[in-house]
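The structure appears right after this line, and notes come after that.
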């Protein structure tokens, strides 16, 4: 059983988990969400605070016919609704693909404290791959960013999805 303090209990003894293990745990849940995205591009996201799950979701713009229904936006909306606040300070967003400009700006506006993503997106990634919206001097706090967590798994989902679609 995992506890919010970053440990697990097995046989009555407590085992500490490293931050990296937590990152992989939550990215695993984001990957599971990505696999549920059909017929959309397989991107999944989860939002946590103090290692407690607040919201999870996946791309659904084809299903909803809403161009803003990217996984990150879906999760930010769900968490904001649940918390009854658009300010999501102290949260970490895990997403399987580097956010696009729209999602990156929404993450900044929501005051997410930390962002962890899987695959880099050289086509439209807004954290340095194609653009960089997370630059110093912005009027709002920029989240701490960690990229490349479970990168190969995240990338494989995308490659498989786009195989034969060009």
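Numbering (our numbering), first residue to last: -5 to 160.
Each residue gets a CB set at the ideal place from its N, CA and C atoms; glycine is no exception.
These numbers come from a predicted model, not from an experiment.
(message) Report the CB separation of residue 106 from residue 87 in whole angstroms; it is logged as a contact under 8 Å.
(response) The sequence position of residue 106 within the chain shown is 112, counting from 1. The sequence position of residue 87 within the chain shown is 93, counting from 1. Rounded, the Cβ-Cβ distance is 5 Å, consistent with contact.
Please state whether DSSP places residue 118 in a helix, a strand or coil. Translated into positions along the chain shown, residue 118 becomes position 124. Coil, per DSSP.
If we count the other Cβ atoms within 10 Å of its Cβ and call it buried at 16 or more, is residue 31 buried or exposed? Position 37 of the chain shown, counted from the start, is the residue given in the question as residue 31. Around the Cβ of residue 31, a 10 Å sphere holds 16 or more other Cβ atoms; the residue is buried.
Count the other CB atoms within 10 Å of the CB of residue 84; is the residue buried (16 or more) or exposed (fewer)? The residue given as residue 84 occupies position 90 in the chain shown. Exposed, by the Cβ-count rule.
Residues near residue 153 by beta carbon distance below 8 Å, same chain, minus five either side: What you label residue 153 is simply residue 159 of the chain shown in a count that begins at 1. Within the same chain, residue 153 has no close Cβ partners at all.
Residue 122 to residue 108, Cα distance in whole Å?
On the chain shown, residue 122 is found 128 positions in, with the first residue counted as 1. On the chain shown, residue 108 is found 114 positions in, with the first residue counted as 1. Each residue's Cα considered, the two are about 16 Å apart.
**Message:** For a test of the three-state rule: what should DSSP assign to residue 68, helix, strand or coil?
**Reply:** Translated into the one-based positions of the chain shown, residue 68 becomes position 74. It is helical.
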